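Residue 290 in this note's numbering sits at position 183 of the sequence shown; the count goes up by one each step and never skips.
In this text, a Cβ means the ideal position worked out from N, Cα and C, and glycines have one as well.
Given the structure is predicted, the values throughout are model-derived calculations rather than measurements.
Comments concern the structure below.
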Amino acid sequence: MVVTYWIKNSHGHFEIDSQTGPFDSHLPPPPHTEKHDLRNGNLRQNQEQHQTLEKPLVKVSIPETTHPNLRNLDTELRYRIVRSTQREAFRIDGTNGRITLVTPLDYEKTKYLELLIEARDESKEPQFATTVVQVSVNDLNDNAPEFLALPHLLRVPLSTSLSEVVYTVKAIDADSPAGGNNLISYELQPPSSQFSINKKTGQITPSQPLSPSTETLRIKATDGANIPLSSTVDLLVEIFKDTIDDPTPVFTSVQYSVNADGILEAGTTVLDVRATVPNGSPVFYNITGPEDTLIRGFNIDRETGRITTTTRLSADQETLYHFLVAASNRNDLSKGVEAG
108 MVVTYWIKNS HGHFEIDSQT GPFDSHLPPP PHTEKHDLRN GNLRQNQEQH
158 QTLEKPLVKV SIPETTHPNL RNLDTELRYR IVRSTQREAF RIDGTNGRIT
208 LVTPLDYEKT KYLELLIEAR DESKEPQFAT TVVQVSVNDL NDNAPEFLAL
258 PHLLRVPLST SLSEVVYTVK AIDADSPAGG NNLISYELQP PSSQFSINKK
308 TGQITPSQPL SPSTETLRIK ATDGANIPLS STVDLLVEIF KDTIDDPTPV
358 FTSVQYSVNA DGILEAGTTV LDVRATVPNG SPVFYNITGP EDTLIRGFNI
408 DRETGRITTT TRLSADQETL YHFLVAASNR NDLSKGVEAG
């Protein structure tokens, strides 16, 4: 089979070897390397022996604070957006191909988008080509650290040793790791005379032998960006003398952590927590914290402390679930304690 190559509607702007296929343009090169249209496309032969343009890929990056109406691409011919992963985020000028941001973008919600752009001439037998534009949203430090829920009162036994961790605070930052935007450090402001906090881990330990008292620790979390953001939280700490007749329940751990792989079906046992009262009184349990969908996904047996899922959970829905568990003395409901 002999194939002959020719260009329709070239208007003298292109030449092609009729036998081998390579073509030349009599037009000056386009001013932008990112421009893709009928004049600088690559020709290929499809099964029907018609010549079509290869679909190039255009990639651009924009800050998440880009103001709507900022123009960043320039093309020619007649243009339209065929498809977009986020509707109405961009518009394109049909005559000059300028793509304009219409609605603000937030990195935490949208990290990238794709646009399928079509370029078409206006001849009687129009030719067209398409290209994919990938838009990456660059993160800026616009989220301050947020602390996970803390107990209303942290009870610390007087006998706690200097090396013992009494609690670990944790804050999360919705920003990306770029530029240290979500790298968090901790400090006590003002410093405490009895406790210190690990700058990197958030672990709180005694800084000297404890004495019976009540103290409010103000904890500050700061991200690592060039222009850092921070937040603070107060933690009330009671240092108590542990005695056998103490009516307040004590958990086996002030904090619990569970790692789960894959999907948790409804009714799955997640954890068994346990608290006892030194004087032997019975306890009952419940889950505390903000009334949101995260807590509704779990249930605790008031008698045994067994925590189970109430609905199907997966990492696609949420990667971190955090809540507090309370234990109360059945004989004296004013005596209770929380663990997280």
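* Asked: Taking one C-beta from the segment 311-318 and one from the segment 295-302 each time, how about it: are there three or more such pairs within less than 8 Å?
  -> yes
* Other residues of its chain near residue 62: CB distance less than 6 Å, five sequence neighbours each side excluded -> Because the chain is modelled from 108 through 447, residue 62 falls outside the range shown and cannot be assessed.
* Quick one: grab the DSSP three-state call for residue 351. => Here residue 351 is taken as the residue at index 244 of the sequence shown, counted from 1. Here residue 351 sits in coil by DSSP.
* Asked: Got a sec? Which residues, its chain only, sit under 7 Å from residue 375 by beta carbon, not counting five neighbours each side?
  -> As a working note, residue 375 is residue 268 in the sequence shown. Closer than 7 Å at the Cβ level, and outside the excluded window around residue 375, lie 415, 416.
* **Rounded C-alpha distance that separates residue 338 from residue 251** => Along the sequence shown, read from residue 1 onward, the residue named residue 338 stands at position 231. Along the sequence shown, read from residue 1 onward, the residue named residue 251 stands at position 144. Computed Cα separation, rounded: 6 Å.
* Asked: In three-state terms, what does DSSP make of residue 439?
  -> If you number the sequence shown from 1, residue 439 lands on position 332. Strand.
* Asked: Is the segment 280-292 in contact with the segment 353-371, if contact means three or more CB pairs nearer than 8 Å?
  -> no
* Is the segment 222-242 touching the segment 182-196, taking contact as three or more C-beta pairs under 8 Å? -> yes
* Spell out the partners DSSP gives residue 187 in its beta bridges. => On the sequence shown, position 80 is the one that residue 187 refers to. Partner(s): 225.
* To do: Name the residue from 443, 322, 332, 253 whose alpha carbon lies nearest to the alpha carbon of residue 345.
  => For the purposes of this step, residue 345 is taken as the residue at position 238 of the sequence shown. Measuring from the Cα of residue 345, the nearest candidate turns out to be 322.
* **Among 206, 433, 372, nearest to residue 411 - alpha-carbon criterion** => Numbered from 1 along the sequence shown, position 304 holds the residue referred to as residue 411. Residue 411 has its Cα closest to that of 433, out of 206, 433, 372.
* **Contained alpha helix (DSSP H) runs [length at least 4] in the segment 350-437, N- to C-terminal order** => 400-403
* To do: State the start and end residues of the unbroken beta strand (DSSP E) segment that holds residue 295.
  => As a first step, residue 295 must be located in the sequence shown, where it is residue number 188. From DSSP, the beta strand (DSSP E) with residue 295 extends over 291-295.
* Cutoff 8 Å; reference residue 395; Cβ partners in own chain excluding five residues on either side -> The residue you call residue 395 lines up with position 288 of the sequence shown. Taken in chain order, the residues that qualify are 430, 431, 432, 433, 445.
* Asked: By the 10 Å Cβ neighbour count, where 16 or more other Cβ atoms means buried, how is residue 236 classified, buried or exposed?
  -> Locating residue 236 in the sequence shown gives position 129, counting from the first residue. Residue 236 should be labelled buried.
* To do: Could you pull out every residue in the same chain whose Cβ sits closer than 7 Å to the Cβ of residue 308, ignoring the five residues on either side in sequence?
  => Counting from one through the sequence shown, the residue named residue 308 turns up at place 201. 275, listed in sequence order.
* **Residue span of the beta strand (DSSP E) that contains residue 303, given as start and end** => Here residue 303 refers to the residue found at position 196 when the sequence shown is read from its first residue. Counting along the chain, the beta strand (DSSP E) containing residue 303 begins and ends at 302-304.
* State the CB to CB distance for the pair residue 286 and residue 333, rounded to an integer number of angstroms; the pair is presumed to be in contact (CB under 8 Å). => Position 179 of the sequence shown, counting from 1, holds the residue named residue 286. Position 226 of the sequence shown, counting from 1, holds the residue named residue 333. 7 Å between Cβ atoms; contact.
* **Same chain, Cβ closer than 6 Å to residue 290, neighbours up to 5 away in sequence not counted** => In the sequence shown, the residue the question calls residue 290 occupies position 183. So the list reads 331, once near-sequence residues are dropped.
* Does the separation of the CB atoms of residue 327 and residue 296 fall below 8 Å? -> For the purposes of this step, residue 327 is taken as residue 220 along the sequence shown, with counting starting at 1. For the purposes of this step, residue 296 is taken as residue 189 along the sequence shown, with counting starting at 1. Yes; because the gap between Cβ atoms is below 8 Å, this pair is in contact.
* DSSP beta-bridge partners of residue 313 -> Taking the first residue of the sequence shown as 1, we reach residue 313 at position 206. DSSP, once it has assigned bridges, lists 302 as partnering residue 313.
* With residue 330 as the anchor, note down where its beta strand (DSSP E) starts and where it stops. => Along the sequence shown, read from residue 1 onward, the residue named residue 330 stands at position 223. Counting along the chain, the beta strand (DSSP E) containing residue 330 begins and ends at 320-330.
* With 16 as the cutoff for other CB atoms within 10 Å, does residue 269 come out buried or exposed? -> Position 162 of the sequence shown, counting from 1, holds the residue named residue 269. When all chains shown are included, residue 269 counts as exposed.
* Whole-angstrom distance between residue 325 and residue 313, CA atom to CA atom -> Residue numbering aside, residue 313 sits at position 206 when the sequence shown is read from its first letter. Residue numbering aside, residue 325 sits at position 218 when the sequence shown is read from its first letter. Their backbone Cα atoms lie some 15 Å apart in a straight line.
* Cut-off 8 Å between Cβ atoms - residues of its own chain near residue 443, not counting five sequence neighbours on either side -> For this step, residue 443 is matched to residue 336 along the sequence shown. Excluding positions up to five away in sequence, the list reads 355, 356, 433, 434, 435, 436.
* Sub-8 Å separation of residue 343 and residue 260 beta-carbons -> Indexing the sequence shown from 1 puts residue 343 at position 236. Indexing the sequence shown from 1 puts residue 260 at position 153. Result yes, Cβ atoms of residue 343 and residue 260 sit closer than 8 Å.
* Residue nearest to residue 440 in terms of C-alpha spacing, selected from 391, 408, 348 -> Against the sequence shown, residue 440 aligns to sequence position 333. Residue 440 has its Cα closest to that of 391, out of 391, 408, 348.
* To do: Indicate the three-state DSSP secondary structure (helix, strand or coil) for residue 285 in the structure shown.
  => Walking along the sequence shown from the start, residue 285 turns up at place 178. Residue 285 falls in the helix class under three-state DSSP.
* Asked: Count the other CB atoms within 10 Å of the CB of residue 387; is the residue buried (16 or more) or exposed (fewer)?
  -> Locating residue 387 in the sequence shown gives position 280, where the first residue counts as 1. With fewer than 16 other Cβ atoms within 10 Å, it is exposed.
* Asked: Taking the alpha-carbon positions, what's the residue 389 to residue 409 distance?
  -> As a working mapping, residue 389 is identified with position 282 in the sequence shown. As a working mapping, residue 409 is identified with position 302 in the sequence shown. Taking the straight line from one Cα to the other gives about 11 Å.
* Which class does residue 448 belong to by DSSP, given the choice of helix, strand or coil? -> What the structure shows of the chain is the stretch from 108 to 447, and residue 448 is not part of that stretch, so it cannot be assessed.
* With a threshold of 16 other CB atoms inside 10 Å of the CB of residue 180, please say whether the residue is buried or exposed. => Residue numbering aside, residue 180 sits at position 73 when the sequence shown is read from its first letter. In this predicted model, residue 180 has a pLDDT of only 44, less than 50, meaning its place in the structure is not dependable; the value taken from the coordinates is given anyway. Residue 180 comes out buried.
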